[in-house]
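J.:
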Amino acid sequence: MTTDNDEVISTLNNLIETCRDGEYGFSTSAEHTKSPDLKSLLSRHAEECRTAAHELQALVRQLGGEADEGGSVSGALHRGWVSVRGTLTGFSDQAMLDECERGEDVAVASYRKALKQDLPPAILSVVQKQAEGAQRNHDQIKALRDSFKGRH
Numbered sequence: 012m013t014t015d016n017d018e019v020i021s022t023l024n025n026l027i028e029t030c031r032d033g034e035y036g037f038s039t040s041a042e043h044t045k046s047p048d049l050k051s052l053l054s055r056h057a058e059e060c061r062t063a064a065h066e067l068q069a070l071v072r073q074l075g076g077e078a079d080e081g082g083s084v085s086g087a088l089h090r091g092w093v094s095v096r097g098t099l100t101g102f103s104d105q106a107m108l109d110e111c112e113r114g115e116d117v118a119v120a121s122y123r124k125a126l127k128q129d130l131p132p133a134i135l136s137v138v139q140k141q142a143e144g145a146q147r148n149h150d151q152i153k154a155l156r157d158s159f160k161g162r163h
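Residue numbering for the sequence shown follows our numbering, beginning at 12 and increasing consecutively.
If you want it as structure tokens, here you go:
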């Protein structure tokens, strides 16, 4: 037996917030990185987050719910922290990668929590696919962060 629509919609809206936070975090970090390759990678991850949010919003609407359009309060604080830390550290690529990894830690945890819910199979499939993407992003950012530490 699946969870009722309101619970599924709530779970999806929480993931939409997570995606929006990721989009903003990656975009902000991309703006402040010096490496063109890193800028390109972070911009691509921001676009992936935007696409994931749109996909989730469509599912919420299919369920008759109102899709969340913004990010979370913690995401707003994270974005603010990226800016504050950037002014303190001169927006180093290392600092941006540290922040991106921190943001992806939150995203992976949000998806893990959602996957513990009793979601309808079609929705579960989308959430599982996005969770795998969040984990890949996390692992890639962590590896890059570690490689940058070795250079500085």
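Cβ atoms here follow ideal geometry from the backbone N, Cα and C, with glycine treated the same way. On a predicted model such as this, the values are computed, not experimentally measured, just so you know.
Can you tell me the Cα-Cα spacing of residue 135 and residue 47, whole angstroms?
T.: Sequence index remark: in the sequence shown, residue 135 carries index 124 (1-based). Sequence index remark: in the sequence shown, residue 47 carries index 36 (1-based). When the Cα atoms are used, residue 135 and residue 47 turn out to be separated by approximately 36 Å.
J.: Suppose you measure from the CA of residue 129 to the CA of residue 144; what does that come to, to the nearest Å?
T.: Position 118 of the sequence shown, counting from 1, holds the residue named residue 129. Position 133 of the sequence shown, counting from 1, holds the residue named residue 144. Looking at the two C-alpha atoms, the distance is approximately 21 Å.
J.: In chain order, what residues of the same chain lie with their CB nearer than 6 Å to the CB of residue 38, ignoring the 5 residues before and after it?
T.: The residue you call residue 38 lines up with position 27 of the sequence shown. Taken in chain order, the residues that qualify are 57.
J.: Can you tell which of 42, 27, 41 has its C-alpha closest to the C-alpha of residue 62?
T.: Locating residue 62 in the sequence shown gives position 51, counting from the first residue. Comparing Cα positions, the closest option is 27.
J.: Just to confirm my understanding: we take residue 75, look at its own chain, exclude 5 residues before and 5 after, and list those with CB closer than 7 Å. What are they?
T.: Locating residue 75 in the sequence shown gives position 64, counting from the first residue. If we look at residue 75 and ignore the five residues flanking it on each side, its Cβ neighbours are 16.
J.: What is the residue span of the alpha helix (DSSP H) that residue 124 lies within?
T.: Counting from one through the sequence shown, the residue named residue 124 turns up at place 113. Counting along the chain, the alpha helix (DSSP H) containing residue 124 begins and ends at 104-126.
J.: Is the beta carbon of residue 78 less than 8 Å from the beta carbon of residue 71?
T.: Start at 1 with the first residue of the sequence shown, and residue 78 comes out as number 67. Start at 1 with the first residue of the sequence shown, and residue 71 comes out as number 60. Against a cut-off of 8 Å, the Cβ pair of residue 71 and residue 78 comes out as a contact.
J.: Can you give the Cα-Cα distance for residue 23 and residue 158, rounded to whole angstroms?
T.: Counting from 1 along the sequence shown, the entry for residue 23 is found at position 12. Counting from 1 along the sequence shown, the entry for residue 158 is found at position 147. Straight-line Cα distance between these residues: approximately 34 Å.
J.: Decide if residue 59 is buried, meaning its Cβ has at least 16 other Cβ atoms within 10 Å, or exposed.
T.: On the sequence shown, position 48 is the one that residue 59 refers to. Residue 59 comes out buried.
J.: Please determine, among 118, 51, 49, 151, the residue with the shortest C-alpha to C-alpha distance to residue 141.
T.: For this step, residue 141 is matched to residue 130 along the sequence shown. Minimum Cα-Cα distance from residue 141 among the listed residues 118, 51, 49, 151 corresponds to 118.
J.: Less than 8 Å between the C-beta atoms of residue 19 and residue 131, yes or no?
T.: In the sequence shown, counting from the first residue as 1, residue 19 sits at position 8. In the sequence shown, counting from the first residue as 1, residue 131 sits at position 120. Taking 8 Å as the Cβ cut-off, residue 19 and residue 131 qualify as a contacting pair.
J.: Give the single residue among 150, 25, 66 whose Cα lies nearest to the Cα of residue 109.
T.: Numbered from its first residue, the sequence shown carries residue 109 at position 98. The shortest C-alpha separation from residue 109 is found at 150.
J.: Less than 8 Å between the CB atoms is what I'm expecting for residue 41 and residue 54, so what's the real figure, rounded?
T.: Position 30 of the sequence shown holds residue 41. Position 43 of the sequence shown holds residue 54. The Cβ separation is near 5 Å, so the contact holds.
J.: Provide the residue span of the alpha helix (DSSP H) that contains residue 46, from first to last.
T.: Locating residue 46 in the sequence shown gives position 35, where the first residue counts as 1. That residue, residue 46, is in no alpha helix (DSSP H); it is neither H nor E in DSSP.
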